[in-house]
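Going down the list, the protein sequences come from chains A and B.
Mapping of the first sequence onto our numbering: residues 40 to 358, in sequence order.
Mapping of the second sequence onto our numbering: residues 75 to 335, in sequence order.
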Amino acid sequence: MRNAFAAALERSVQADERVCLVLADLGWGVFDEVERLAPGRVINAGIAEQAMVGVAAGLAQAGKKAVAYSIAPFLASRAHDQIRVDVAAGGADVTLVGVGGGVAYGYLGLTHHAIDDLAAMRALPNMTVLAPCDPRDAEAATEAALALDGPVYLRLGKNGEPALLAADSPFAIGRATTVRDGADITIASTGPILAEALGAAEVLARQGVDAAVLHFGTVKPLDTGAVLRALARTGTILTLEEHSVIGGFGGAVAEVAAEAGTGRVLRAGFPDSFIHEVGSREHLLAHYGLDAAGVAARAAAGLDIAPSPRRLTLQRGIA
Amino acid sequence: MTTAQRAYDIRELSLELALRAGTCHIGSALGIADILAVAYFGVMDPDDTFILSKAHAGSALMATLALRGTVDREQLLREYCQDGGAFGGHAERGVPGVEISGGSLGHGLAIAVGRSLADRLDDRTRRTFCLMGDGETDEGAVSEAAALAGRLGLDRLIAIVDANGHQGLETEQAPDRWVRFEARFAAAGWEVAQIDGHDHAALAGALSAAAAGRPRLVVAHTIKGRGVSFMEGRFDSHYKSVRPHDRERIMDALQAGRIAA
Chain A
40 MRNAFAAALE RSVQADERVC LVLADLGWGV FDEVERLAPG RVINAGIAEQ AMVGVAAGLA
100 QAGKKAVAYS IAPFLASRAH DQIRVDVAAG GADVTLVGVG GGVAYGYLGL THHAIDDLAA
160 MRALPNMTVL APCDPRDAEA ATEAALALDG PVYLRLGKNG EPALLAADSP FAIGRATTVR
220 DGADITIAST GPILAEALGA AEVLARQGVD AAVLHFGTVK PLDTGAVLRA LARTGTILTL
280 EEHSVIGGFG GAVAEVAAEA GTGRVLRAGF PDSFIHEVGS REHLLAHYGL DAAGVAARAA
340 AGLDIAPSPR RLTLQRGIA
Chain B
75 MTTAQRAYDI RELSLELALR AGTCHIGSAL GIADILAVAY FGVMDPDDTF ILSKAHAGSA
135 LMATLALRGT VDREQLLREY CQDGGAFGGH AERGVPGVEI SGGSLGHGLA IAVGRSLADR
195 LDDRTRRTFC LMGDGETDEG AVSEAAALAG RLGLDRLIAI VDANGHQGLE TEQAPDRWVR
255 FEARFAAAGW EVAQIDGHDH AALAGALSAA AAGRPRLVVA HTIKGRGVSF MEGRFDSHYK
315 SVRPHDRERI MDALQAGRIA A
């Protein structure tokens, strides 16, 4: 996904002379072409994330379109005050790009895991929060972020993510995408973990459960219409995110459902604890029940007690 | 056993860990092996505190702790960067002998200031050592902590900077970089020494010295990847994973390096 982001940025710096990239000493080999295309417009602030974000805000105040890039927690946590005051409160035209969202950095441990960034960014007024699911989606999200005049947090995976959406699937800020239709339960996910949602839907299909899958490429502003339609159609939404269950995407969906007083929301994500388990992303997802098998089991268990009109049929199907 | 032999053992075990796990950052680990060997096996008293702030070189710290018997060598070899294992790529607090959860740069010095201050409040004479990368001193938190340590006059605090001259992106540095660097800490009230970070006698002297009423900074000039000729001074030894098929070539180079020394 980071190469897809770089590809979109290569086009942007050519199309718009205002676009600048500010780095915090990361991105080795990723932005060579951007630098060649836009000499002087790629600035390395050093290992100094707070300065990176402040510089991006200053560039934006002076009429530039600034992009700041780092590993997600070093941006969303380390530089949070600069993001809050200089970027969000000021409505600065800064796109903050966090690479390695969730547990993409696996073995590198809790300092490199971003499982609270969606909550932190979502709580900031003026902030648009995007979490594309595959390389092409990331490219489109980058373009949308740069087209928007205002603060954006763009959460990326790392590299090697498979294509999940159809090539002509459009990206629009604030709009969810139906990836798979279904009538029994809706699995709503954000980011590359959509792959596990789709895998879970396959597992459920073999058990006779017809699961819909929605991809929310935008966490904020949330597509509340899509949430309400899904609740009306399937009664239950199981949210899936590579993030803590507190305050992120699942929290946002639950807020909508609670205020509407309709339907039921189950949240799949990391529990409220730091991840001390050592392992690759795949290992960590499986360990916390966030792989396809774990998500399918969670959906099935949830349906078993859900007040759904199809409950009896489903119970037979699962058995 | 000499600290030189210890440094060799740290390098060998760090490489073994990297080979088994296929992990990166080996250049950083090799570069600090002499500093760790002299600190742990030559200078430090048993109750002194050592904080590794540049935790991406964590394999070298884990190797040191294994050689010292603080962590189990066989368990380390089995579980370093393995799914479900006890040891991740960054040394994490909770592992015996590891004082801070590293991996986010620029945290170590401020924690070291807190530890050293607590010792002073409790009338303890132990020392606190903190090893940072030169790159991570970019972080504002390092300057903030340095200013505070100078103001408090923490003379049992010894910061070491692994000055290998490399960091994430190959940005050109000012030719008088280390002069400016020294001036920056000196202005904050630190006693500063610049030494060859692979010279054990120089390291032992610099890490043992004390200046009344002032924290001490040892700028240890090192070569990233030190000990394996084809990794030495190589910027890409930061990112490239060590691959099992390179085992023989790497270990041969390590041995050849020892003979040459």
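No residue lacks a Cβ here, since even glycine has one placed at the ideal position from N, Cα and C.
Among the candidates A:Asn-42, A:Leu-114, A:Ile-122, A:Phe-288, whose CA atom is the shortest distance from the CA of Pro-260 of chain A?
A:Phe-288
So Arg-292 of chain B and Ala-262 of chain B are in contact, right, with Cβ under 8 Å, and what is the actual spacing, rounded?
The question names Arg, yet the displayed sequence has Val at residue 292 of chain B. Rounded, the Cβ-Cβ distance is 15 Å, inconsistent with contact.
Closest Cβ-Cβ distance between His-63 of chain B and chain A: below 8 Å?
What the structure shows of chain B is the stretch from 75 to 335, and residue 63 of chain B is not part of that stretch, so it cannot be assessed.
Quick one: residues in its chain with C-beta nearer than 7 Å to the C-beta of Ala-22 of chain A, no 5 flanking neighbours on either side, listed in chain order?
There is no way to answer for residue 22 of chain A, as the model of chain A reaches only from 40 to 358.
Could you tell me the boundaries of the beta strand (DSSP E) in which Ile-232 of chain A lies?
Taken as a continuous stretch (DSSP letters only), Ile-232 of chain A belongs to no beta strand (DSSP E), as it is neither H nor E.
Distance check for Ile-110 of chain A and Cys-155 of chain B, CA to CA, integer angstroms please.
20 Å
In three-state terms, what does DSSP make of His-367 of chain A?
Because residue 367 of chain A is not part of the residues shown, which for chain A are 40 to 358, the question remains open.
Please list, in chain order, all residues of the same chain as Leu-183 of chain B whose beta carbon is under 7 Å from its beta carbon, the five residues on each side excluded.
For Leu-183 of chain B, where only same-chain residues beyond five positions count, the Cβ hits under 7 Å are Ser-127, Cys-204, Met-206, Val-216, Ala-219, Ala-220, Ala-233.
Counting along the chain, where does the alpha helix (DSSP H) carrying Tyr-82 of chain B start and finish?
According to the DSSP assignment, Tyr-82 of chain B belongs to the alpha helix (DSSP H) that extends over 77-95.
Pop quiz: Ala-269 of chain A and Asp-249 of chain A are said to be a contact at Cβ under 8 Å. What is the actual Cβ separation, rounded to whole angstroms?
That belief does not hold up - the Cβ atoms of Ala-269 of chain A and Asp-249 of chain A are roughly 13 Å apart, past 8 Å.
So that I know if they touch, is there some Cβ in chain A lying closer than 8 Å to that of Ser-88 of chain B?
no
Taking a cut of 8 Å between CB atoms, which residues from the region 134-167 of chain B lie near chain A?
Residues of the region 134-167 of chain B whose Cβ lies closer than 8 Å to any Cβ of chain A, in chain order: Glu-153, Cys-155, Gln-156, Asp-157, Gly-158, Gly-159, Ala-160, Phe-161, Gly-162, Gly-163, His-164, Glu-166.
Using the C-alpha atoms, what's the distance from Leu-147 of chain A back to Phe-113 of chain A?
13 Å
Hey, which unbroken runs of the beta strand (DSSP E) at 3 residues or more fall wholly within the region 287-322 of chain A?
303-309
Say whether chain A places a C-beta atom closer than 8 Å to the C-beta of Ala-92 of chain B.
no
Can you find the residues in the same chain that come closer than 8 Å, C-beta to C-beta, to Ala-285 of chain B, ignoring five residues on each side of it along the sequence?
Closer than 8 Å at Cβ, skipping near neighbours: Asp-229, Glu-265.
For chain A, check one thing: does any of its Cβ atoms lie closer than 8 Å to the Cβ of Gln-191 of chain B?
A quick correction: the sequence has Leu, not Gln, at residue 191 of chain B. Using beta-carbon distances, Leu-191 of chain B does not count as an interface residue toward chain A, since no partner is under 8 Å.
Out of A:Ser-116, A:Ala-127, A:Leu-204, A:Pro-171, which has the shortest C-alpha to C-alpha gap to Ile-154 of chain A?
Closest by alpha carbon: A:Ser-116.
Quick check: what's the CA-CA separation for Asn-238 of chain B versus Lys-298 of chain B?
A direct Cα-Cα distance of roughly 6 Å separates Asn-238 of chain B from Lys-298 of chain B.
For Glu-306 of chain B, does the three-state DSSP call read helix, strand or coil?
coil
Please check if any C-beta of chain A sits within less than 8 Å of the C-beta of Gly-242 of chain B.
yes
For Gln-89 of chain A, which residues in chain B fall below 8 Å Cβ to Cβ?
Here the neighbours are Gly-214.
Using a Cβ cut-off of 7 Å, pull out every chain B residue sitting near Gly-85 of chain A, in sequence order please.
Asp-212
Would you call the region 162-179 of chain A and the region 230-246 of chain A in contact, with 3 or more CB pairs under 8 Å?
yes
Excluding the five sequence neighbours on either side, which residues of its own chain have a C-beta within less than 6 Å of the C-beta of Gly-96 of chain B, listed in chain order?
Ser-315
Let me check understanding here. Comparing Cα to Cα, which of B:Ala-78, B:Asp-121, B:Asp-320 lies closest to Thr-144 of chain B?
B:Asp-121
What residues from chain B crowd round Gly-318 of chain A, counting only those whose CB sits closer than 7 Å?
Within chain B, the residues near Gly-318 of chain A are Asp-157, Gly-158.
CA-CA distance, Gly-238 of chain A and Ala-158 of chain A?
26 Å
Would the beta-carbon of Glu-72 of chain A fall within 8 Å of that of Ala-118 of chain A?
no
Between which two residues does the beta strand (DSSP E) holding Leu-169 of chain A run?
167-169
Quick check on Arg-317 of chain B: buried or exposed, where buried means 16 or more other Cβ atoms within 10 Å of its Cβ?
exposed
I'd like the list of long-range same chain contacts for Arg-308 of chain B, defined as Cβ closer than 6 Å, with 5 residues on each side in sequence excluded.
Gly-299
Which of helix, strand or coil does DSSP assign to Asp-270 of chain B?
It is a strand residue.
Closest by CA to Glu-153 of chain B, which one among A:Glu-280, A:Val-334, A:Gly-318?
The option with the nearest alpha carbon to Glu-153 of chain B is A:Gly-318.
Hey, which unbroken runs of the alpha helix (DSSP H) at 4 residues or more fall wholly within the region 104-166 of chain B?
107-112, 132-141, 147-153
Nearest CA to the CA of Leu-226 of chain B: which residue from B:Gly-214, B:Asp-193, B:Glu-256?
B:Asp-193
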